[in-house]
Structure formats: structure tokens, C-alpha cells
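Asks:
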Amino acid sequence: MKELMTLSTSTPGLEPTRGALRAVFAVGALAATSPALHAQQLAANQVNPLKQLSIAQLTNVMVTSVTRGPEPLSRSAAAGAVVMSGPLQPHRVRWIR
Amino acid sequence: MRATAMALLIAAGLLGGRSALAAPTAQQVEAVFLFYFSQFVDWPPGAFADQSSPIVIGVLGDDPFDGSLDQAVAGERVNGRPVVVRRLKSLAEATGCHILYISSSESAQLAQIMSALKGRNVLTVSDLGDFVQSGGMIRFVLVDQHVRLVINPQAAQAAGLKLSSKLLRAAGSAAPGEG
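Line by line, the protein sequences are chains A and B. Numbered per the numbering used here, the first sequence spans residues 1 to 97. Numbered per the numbering used here, the second sequence spans residues 1001 to 1179.
(1) Excluding the 5 residues preceding and the 5 following Gly1061/B in the sequence, name in chain order all residues of the same chain whose CB lies nearer than 6 Å to its CB.
(2) For Val1147/B, which residues in chain D fall below 9 Å Cβ to Cβ?
(3) In terms of DSSP beta bridges, what is Ile1113/B paired with?
(4) Any idea what DSSP makes of Lys1162/B, helix, strand or coil?
(5) Pick helix, strand or coil for Ser1134/B, following the three-state DSSP scheme.
(6) I'd like to know whether the C-beta atoms of Gln1109/B and Ser1068/B end up nearer to each other than 8 Å.
(7) Quick one: Cα of Val1145/B to Cα of Glu1030/B, how far?
(8) May I have a chain-ordered list of the alpha helix (DSSP H) segments no shorter than 4 residues that lie completely inside the stretch 1052 to 1126 of chain B?
(9) If the cut is a Cβ gap below 7 Å, which residues of chain A does Ser1134/B touch?
(10) Out of curiosity, what's the CA-to-CA distance linking Glu1141/B and Asp1130/B?
(11) Could you tell me whether the stretch 1042 to 1062 of chain B touches the stretch 1082 to 1098 of chain B, using the rule of 3 or more Cβ pairs below 8 Å?
(12) Against chain B, with Cβ distances strictly below 8 Å, would Val83/A count as a contact?
(13) Are the Cβ atoms of Gln1051/B and Gly1080/B separated by less than 8 Å?
(14) Short of 7 Å in beta carbon distance, which residues of its chain neighbour Ala1047/B, apart from the five on each side in sequence? Order them along the chain.
(15) Just to confirm, are Leu1072/B and Phe1035/B a CB contact at a threshold of 8 Å?
(16) Who are the near neighbours of Val1160/B in its chain, counting only those whose CB is closer than 6 Å to its CB and skipping five residues on each side?
(17) Beta-carbon within less than 8 Å of Arg1077/B's beta-carbon, same chain only, minus the 5 sequence neighbours each way: which residues are those?
(18) Quick one: which chain A residues come within Cβ less than 7 Å of Ala1023/B?
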């Protein structure tokens, strides 16, 4: 960091890069904030728009499916997974019908 | 300059991606409902210590809201009263609560909880299957990926609570046998 800053200040042609570096470091710092802070931000992003709705409108909001307890497989939401060729190759699978 | 702009665009992309809006979870919608109940229920004056006492929302048992409830009440005031959230490990800590959300972790103790709350000015809320049947007041039900309310107005009335017509209209009222 110190070396890069020294380089950019001593080389006029690289001056714009210093701003870019600062921005990149700022991004790094923001991205590395604690998961709790991130969860809080995410909750705020989801909850605040809901608070703009009336109580009647709130009953019409479609939610992601969440179960609170065990439920029969026949009633649970379908799940899908993408299998790439990498994990299949060791099993010598060439194609799937 | 161009490099700075590029970096800022990357920053916006990264941060935007982290906080992208998706469909809310049932718990987030329920958290907002819990806050709304503080606006649509009238408690008798004796339920508050004084004019500025807070409206207390208690969560009994495991908290399923993951911070959403705190966000729902953050900075809010209802009739001049702040709204606060308390996490409770046992019913004994529920003294002073005006709204009590009974978590599914408490299903085994539901009968004792309802019995202990009888006659107290506490709005009881849960998503437990037999909640209204057990004397509960408002049950959250997930129907076709929508959170619906099943309300037992008789139970609320017996506890000295007055539910607003807006709240009753937003829900399908239920006889104690239905919820």
C-alpha cells in the first residue's frame, strides 16, 4: 500500500490510479464488514419497504417458502440442483437421459 | 479518472449484489405484522405504567425473526410510545409485555402458557397449528406463499383488548375451533 502510494505520488502520470486504489480499498473494507452488520442491512432492506404497505396489502405479499417444522416430502417445495460435468467425470458418466 | 469511475462501478456492483432485494421471508412479513398490531390494538389504560411507557413486544422462545423485528420497530412510536422488543426465555419474564409472540419452540408448553396468560392484557400471537383453539388471539398462517391472519376476537375481548376494524378486515376471523 505504502509502496503503491509512493509510486503514484512520485509519478504524475499515475495520479488518477490513486483515487481508484482508494476506492478499491474502500470496497474491500465495506465487503469485509461483519456478517452481523450485513444481516442487519439485509433485514433493513427487506423490512423497510414492507412498512410502506397497509396491513391489508401485507397479506398479499408473496413470501419465500419457509417451513417451521417437519413436513411430508409430498408437501414440500421442489428443489433443483445443477450438476456440472466435473463431478460426473470421475464416475465415467458420459451422458444423462 | 476513468480508473476511479471503474472502481466505483465495481464497488456499486459488489455492494448492490450483497443487498439485492429478493422476495421477503414469511418471518420478515410477520415481523412487520407484529409491529402493525401495536397500531391496531387498543390496550386498557392500566396496561401501561404511564403516558410514555413503551409498547413491549415479547418473543417467547427461539427468535425466528433474525433481526427483522428489531428493524420493524426501529425508531417507531405509536401514540407517542416507543415500541421495544424483548426476547424471553420463560413466561415469567413476560411481565410488562403487550404483545407476546409465542415461538414454535414453545409448542409443548402452549397449554400452560395460555393458562397463565388468561385475563392479562396481552395480545398473544403465534404460528402454532392449534394456537387459536388453545385460546390464542392471532395466528399467522402460510397460505399459497402469503402470510394470512386468523384472529380470535373473543379471546382478545376477554383479555380487555380492542382490535381495530382494519385489523379484523385484513384477516379472516375464526371461531376457536378453526385455528
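For glycine and all other residues, C-beta sits at the position ideal for the given N, C-alpha and C. Computed from a predicted structure; not experimentally measured.
Replies: Once the coordinates are examined:
(1) Ser1103, Ser1105, Glu1106
(2) Considering every chain present, this structure includes no chain D. Its protein chains are A and B.
(3) According to DSSP, Ile1113/B bridges with nothing at all.
(4) strand
(5) coil
(6) no
(7) Residue identity differs from the one stated: residue 1145/B is Gln in this sequence, not Val. C-alpha separation (whole angstroms): 13 Å.
(8) 1068 to 1073, 1110 to 1117
(9) In chain order: nothing, as chain A lies at least about 17 Å away.
(10) The sequence shown places Val at residue 1141/B, rather than the Glu named in the question. So the two alpha carbons sit approximately 11 Å from each other.
(11) yes
(12) no
(13) yes
(14) His1098, Asn1121
(15) The displayed chain sequence assigns Ala, not Leu, to residue 1072/B. Against a cut-off of 8 Å, the Cβ pair of Phe1035/B and Ala1072/B comes out as a contact.
(16) This sequence places Gly at residue 1160/B; Val is not what is there. Pro1044, Asn1121, listed in sequence order.
(17) Val1083
(18) Met62, Val63, Thr64
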